[in-house]
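Residue numbers (this note's numbering), protein chains in the order written: chain A, 1 to 362; chain B, 1 to 439.
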């Protein structure tokens with residue numbers, strides 16, 4: 001009996017808890033990214049492997065070194081630094097030099113995460129901040145190191161010139177990612193005096209949408225296969241690591257905005273434009289894997305819906321009217337900044353409290 | 001089926017270790033340690049002294065004040081001393097009785113009184129003199145709960161058979177074995193309150209209890225309006241405010257009481273004991289408890305005398321299979337962890353759990369990652385994450401604005417937190433700091 005008494009532990013209730021932890025959440029996200037990443041490696045070859053491995057190693061090393069210097073417990077096994085490094089790698093082009101994502105990972109961990117207080121205290125998503133930092137520092141490496149299919153075509157090997165475009169125009173547009181085509185095409189078309197709708201016919205074509213969905217196309221390492229990213233997203237939903245609020249409201253907003261925009265432009269098939277905007281670029285990756293970063297998004301369901309819709313609106317605005325072809329990164333980062341404000345105005349209603357009258361504090 | 005309250009969690013219920021077992025009687029301990037305060041309110045005043053002989057069920061502590069309860073001897077014997085003894089809360093005056101002599105009350109033929117001739121106030125006075133308190137865990141004096149101020153018009157009695165705490169199956173077993181008695185107890189309680197309607201709420205993981213209660217109502221066909229409502233299995237379905245909302249759709253106002261909206265809630269175990277108190281004039285000196293957890297040899301539901309120590313119970317329940325990391329009095333979500341096996345079972349003890357480190361995980365916690373799982377789980381619509389951060393930084397000015405006093409201490413937030421933050425503990429600290437009590 002005395003033996004039994006020795007190590008009895010006393011604490012407040014509850015005495016049981018969920019098996020879930022920060023560690024299981026982070027590693028589940030890493031796992032969810034494996035299929036789409038594997039496909040990108042299949043498509044682009046060995047370079048992405050080197051980029052991903054060195055980026056993850058850099059992030060983990062940055063975290064460990066910082067924590068050792070600051071005499072804090074080293075927490076790289078919780079997976080959050082690994083995930084940040086992984087996401088940095090997924091946000092660079094497949095042919096980019098290895099040192100670039102490595103610097104990005106250092107920036108993400110040291111500047112964006114640890115200097116703000118480490119896990120749970122960063123205001124901006126580390127991986128996306130790193131992408132913004134790399135975009136500002138080495139824009140050439142971030143926007144031109146695309147994989148070329150058969151040495152010619154960036155957009156997708158499946159795309160052939162079946163659209164009666166002059167060969168020069170077709171060659172010009174297939175040298176860019178789909179979103180860059182939308183951004184740059186008007187200039188090219190002006191030269192040849194071609195109607196803008198002709199370019200929409202190309203990028204919104206069934207072939208293009210199929211290539212985007214399956215993932216037979218150019219782009220950053222992590223954003224290639226919408227299908228496999230959705231699979232990972234559904235896995236995260238099923239494991240309750242994320243909730244539906246942010247991805248659904250974000251993707252839905254982009255889709256609706258695109259539909260309205262192309263309807264107003266008078267494009268005959270705005271639904272295809274809408275689907276294109278959902279599948280292209282980093283939207284699926286961003287909506288499921290980065291906007292849902294718990295630390296930098298609101299805590300209530302209502303807040304998450306507003307946050308997601310805000311991301312979607314900003315993404316579409318940047319894509320169409322902004323200076324960059326893609327707006328996922330900046331859209332989410334801008335909404336990160338608004339998160340405390342959203343939280344303040346979306347507090348859940350306290351059960352039993354009348355919402356109209358403010359009760360006196362007791 | 002209903003379960004419309006906000007939030008909630010689905011912990012593994014772990015009920016199958018005990019929910020199929022028959023009730024067993026634990027032997028009467030040689031020594032009983034009977035605390036004078038086993039209820040919310042003022043402690044009872046000792047009316048015996050060392051050396052006195054007491055009978056089984058004899059009054060030994062007399063209620064002192066409006067919110068208080070009588071305390072009776074659980075065994076016949078001799079008062080050895082009145083000492084400050086460890087209880088689930090803190091050291092407090094406890095009557096120690098050594099067993100000797102005849103068991104008068106339990107040996108007596110049980111002559112049922114016809115309660116049909118009793119008035120409401122006569123019923124309440126019998127309940128009061130039995131020392132009855134809420135047996136679900138909170139241990140609020142029952143006679144006080146059944147005597148609301150006249151301006152509060154009560155129209156419905158809810159009988160709480162939700163038993164949403166994992167491990168505990170004592171209410172389930174009571175409803176299956178004593179359904180007729182519980183219905184009679186419900187009728188008695190309805191008469192005491194003067195209400196025409198009663199609903200027995202049971203979570204739908206206890207189909208046996210639901211069927212037993214429904215069949216018994218059908219065959220007994222009581223003249224009152226008594227129904228059974230099957231409730232969705234979701235913790236904390238059995239919390240008063242959530243139960244009322246699930247069954248009646250009524251909302252207890254913030255920091256109000258069920259009687260503010262015409263409802264009184266009684267636990268099924270209490271209702272069962274009310275019948276014993278009214279029909280047999282039996283004082284509350286024994287109760288049913290679940291003895292469970294992964295380390296107890298023979299988990300089950302047992303009838304135990306108030307004042308039996310945990311150490312007495314272990315031996316009779318098959319001993320321990322290993323050194324427990326936690327001993328929990330009550331359920332694992334709301335119960336109190338205790339550090340000594342000398343602590344006695346009291347009226348509000350619904351269970352005793354012996355947990356290994358596989359189940360009761362302690363250890364460090366991480367910073368909040370703002371995942372919002374606690375916000376989703378909170379049945380009261382609070383922001384446990386922010387309350388926790390405020391308390392951790394000792395910013396009780398901030399936590400005061402986050403409605404800490406609406407917290408029902410269900411523990412759902414702490415349960416779901418992936419950073420393993422003791423959120424409900426932080427909220428409790430906030431409450432105590434704000435009301436000025438030392439922690």
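Backbone N, C-alpha and C fix where the C-beta goes; we use that ideal spot for every residue, glycine too.
Since the model is a prediction, treat every value here as computed from it, not as a measurement.
Alpha carbon of residue i to alpha carbon of residue j, nearest angstrom
{"i": "residue 38 (chain B)", "j": "residue 156 (chain B)", "result": "27 angstroms"}
{"i": "residue 386 (chain B)", "j": "residue 171 (chain A)", "result": "55 angstroms"}
{"i": "residue 322 (chain A)", "j": "residue 411 (chain B)", "result": "47 angstroms"}
{"i": "residue 307 (chain A)", "j": "residue 246 (chain A)", "result": "7 angstroms"}
{"i": "residue 323 (chain B)", "j": "residue 86 (chain B)", "result": "21 angstroms"}
{"i": "residue 175 (chain A)", "j": "residue 189 (chain A)", "result": "15 angstroms"}
{"i": "residue 69 (chain B)", "j": "residue 338 (chain B)", "result": "24 angstroms"}
{"i": "residue 4 (chain A)", "j": "residue 423 (chain B)", "result": "Caution is warranted here: a pLDDT of 47 is assigned to residue 4 (chain A), below 50, making its placement in the model unreliable, and the coordinate value is therefore given only provisionally. Distance between the alpha carbons of residue 4 (chain A) and residue 423 (chain B): 29 angstroms."}
{"i": "residue 260 (chain A)", "j": "residue 270 (chain A)", "result": "8 angstroms"}
{"i": "residue 356 (chain A)", "j": "residue 84 (chain A)", "result": "Reliability of the predicted coordinates at residue 356 (chain A) is poor, the pLDDT of 47 falling under 50, and no value is obtained from them."}
{"i": "residue 50 (chain A)", "j": "residue 221 (chain A)", "result": "12 angstroms"}
{"i": "residue 304 (chain B)", "j": "residue 243 (chain A)", "result": "46 angstroms"}
{"i": "residue 252 (chain B)", "j": "residue 153 (chain B)", "result": "14 angstroms"}
{"i": "residue 172 (chain B)", "j": "residue 286 (chain B)", "result": "18 angstroms"}
{"i": "residue 365 (chain A)", "j": "residue 258 (chain A)", "result": "Missing from the structure shown is residue 365 (chain A); chain A here goes from 1 to 362 and no further."}
{"i": "residue 310 (chain B)", "j": "residue 318 (chain B)", "result": "13 angstroms"}
{"i": "residue 350 (chain B)", "j": "residue 201 (chain B)", "result": "18 angstroms"}
{"i": "residue 16 (chain A)", "j": "residue 103 (chain A)", "result": "42 angstroms"}
{"i": "residue 352 (chain A)", "j": "residue 163 (chain B)", "result": "23 angstroms"}
{"i": "residue 167 (chain A)", "j": "residue 329 (chain A)", "result": "33 angstroms"}
{"i": "residue 226 (chain A)", "j": "residue 252 (chain A)", "result": "15 angstroms"}
{"i": "residue 428 (chain B)", "j": "residue 404 (chain B)", "result": "8 angstroms"}
{"i": "residue 431 (chain B)", "j": "residue 160 (chain B)", "result": "27 angstroms"}
Which listed residue (the options) has its alpha carbon closest to that of residue i
{"i": "residue 321 (chain B)", "options": "B:332, B:339 and B:354", "result": "B:354"}
{"i": "residue 168 (chain B)", "options": "B:151, B:403, B:288 and B:414", "result": "B:288"}
{"i": "residue 28 (chain A)", "options": "A:86, A:255 and A:16", "result": "A:86"}
{"i": "residue 273 (chain B)", "options": "B:246, B:338, B:210 and B:348", "result": "B:348"}
{"i": "residue 98 (chain A)", "options": "A:209, A:164 and A:145", "result": "A:145"}
{"i": "residue 279 (chain A)", "options": "A:104, A:271 and A:209", "result": "A:209"}
{"i": "residue 383 (chain A)", "options": "A:237, A:296, A:105 and A:244", "result": "Past the edges of chain A, shown from 1 to 362, lies residue 383 (chain A), and the structure says nothing about it."}
{"i": "residue 276 (chain B)", "options": "B:111, B:160 and B:228", "result": "B:111"}
{"i": "residue 10 (chain A)", "options": "B:80, B:6, B:76 and B:89", "result": "B:89"}
{"i": "residue 240 (chain A)", "options": "B:26, B:47, B:417 and B:428", "result": "B:417"}
{"i": "residue 125 (chain A)", "options": "A:81, A:255, A:54 and A:206", "result": "A:81"}
{"i": "residue 89 (chain A)", "options": "A:109, A:219 and A:48", "result": "A:48"}
Expected contact under 8 angstroms - CB spacing of residue i and residue j to nearest Å
{"i": "residue 267 (chain A)", "j": "residue 197 (chain A)", "result": "6 angstroms"}
{"i": "residue 165 (chain B)", "j": "residue 331 (chain B)", "result": "3 angstroms"}
{"i": "residue 232 (chain A)", "j": "residue 32 (chain A)", "result": "4 angstroms"}
{"i": "residue 342 (chain A)", "j": "residue 331 (chain A)", "result": "14 angstroms between Cβ atoms; not a contact."}
{"i": "residue 130 (chain B)", "j": "residue 367 (chain B)", "result": "Between residue 367 (chain B) and residue 130 (chain B) the Cβ distance is about 51 angstroms, and since that is not below 8 angstroms, they are no contact."}
{"i": "residue 123 (chain B)", "j": "residue 191 (chain B)", "result": "6 angstroms"}
Residues that residue i contacts on chain A, provided the C-beta gap is smaller than 8 angstroms
{"i": "residue 406 (chain B)", "result": "350, 351, 352 and 353"}
{"i": "residue 403 (chain B)", "result": "350 and 353"}
{"i": "residue 358 (chain B)", "result": "The premise fails here: residue 358 (chain B) is roughly 10 angstroms from chain A at the closest Cβ pair, so nothing lies under 8 angstroms."}
{"i": "residue 385 (chain B)", "result": "299"}
{"i": "residue 329 (chain B)", "result": "Residues of chain A passing the Cβ test: none, with the nearest at roughly 10 angstroms."}
Which residues DSSP lists as bridging residue i, in chain order
{"i": "residue 317 (chain A)", "result": "According to DSSP, which records beta bridges pairwise, residue 317 (chain A) is partnered with nothing at all."}
{"i": "residue 354 (chain B)", "result": "B:327"}
{"i": "residue 45 (chain B)", "result": "B:62"}
{"i": "residue 97 (chain B)", "result": "B:32 and B:79"}
{"i": "residue 340 (chain B)", "result": "Answer is none; residue 340 (chain B) lacks a bridge partner."}
{"i": "residue 288 (chain B)", "result": "B:303"}
Chain A residues whose Cβ lies nearer than 9 angstroms to that of residue i
{"i": "residue 179 (chain B)", "result": "What residue 179 (chain B) touches in chain A: nothing, since even the nearest Cβ is about 30 angstroms away."}
{"i": "residue 326 (chain B)", "result": "8, 9, 10, 11 and 15"}
Partner residues on chain B for residue i, Cβ-Cβ distance less than 7 angstroms
{"i": "residue 20 (chain A)", "result": "418"}
Contacts of residue i in chain A (Cβ-Cβ under 7 angstroms)
{"i": "residue 466 (chain B)", "result": "Outside the displayed span of chain B (1 to 439) sits residue 466 (chain B), for which this structure offers no information."}
{"i": "residue 232 (chain B)", "result": "Going along chain A, no residue has its Cβ under 7 angstroms from residue 232 (chain B), so there is no contact; the nearest lies around 17 angstroms."}
{"i": "residue 253 (chain B)", "result": "352"}
Amino acids of chain B, ordered along the chain, whose beta-carbon sits closer than 9 angstroms to that of residue i
{"i": "residue 366 (chain A)", "result": "A question about residue 366 (chain A) goes unanswered here, because the residues of chain A that appear run from 1 up to 362."}
{"i": "residue 25 (chain A)", "result": "369, 371 and 418"}
Cross-chain neighbours of residue i in chain B, by beta carbon under 8 angstroms
{"i": "residue 294 (chain A)", "result": "369, 370, 371 and 372"}
{"i": "residue 325 (chain A)", "result": "Correct list: empty, because the minimum Cβ distance to chain B is about 31 angstroms."}
{"i": "residue 51 (chain A)", "result": "None at all; the shortest Cβ gap to chain B is about 27 angstroms."}
{"i": "residue 120 (chain A)", "result": "366, 367, 368, 369, 370 and 419"}
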